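First comes the structure, then the notes that go with it.
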Amino acid sequence: MAEISISNQDWSRVKIKLQRKYNHLTDAQLQYTEGQEDSLIGRIMELVNRDRDYVVFTLKKALVNIDNNRL
């Protein structure tokens, strides 16, 4: 089970933050279905060449500051 839970509404905002930080990521690469956090984390790990802890930390940071544009 994933360490985080992301709603579809929150994901649309987090995805924008990720695309700003990693401008090579596309909408297709970042498709997400609520409840599929493990799959999403694994995909992001491969796309940005980082370990799981870093990706989870980054996603948690984005969710905590959801109204802020910074990641």
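First residue of the sequence shown: -13, per our numbering; consecutive thereafter.
For glycine and all other residues, C-beta sits at the position ideal for the given N, C-alpha and C.
Because the structure is a prediction, the values reported are computed rather than measured.
Residue 44 - DSSP class collapsed to helix/strand/coil: Three-state DSSP puts residue 44 in a helix.
Short Cβ contact (8 Å threshold) for residue -11 with residue 42: Yes, the pair counts as a contact, with Cβ atoms nearer than the cut-off.
Distance CB(residue 23)-CB(residue -8) smaller than 8 Å: Cβ distance < 8 Å, so residue 23 and residue -8 count as in contact.
Spatially closest choice to residue 20 from 44, -3, 8, 50, by CA coordinates: Here the closest residue by C-alpha is -3.
Residue burial classification, residue 3 (beta-carbon count within 10 angstroms, cutoff 16): By the C-beta density criterion, residue 3 is buried, having at least 16 other C-beta atoms within 10 angstroms.
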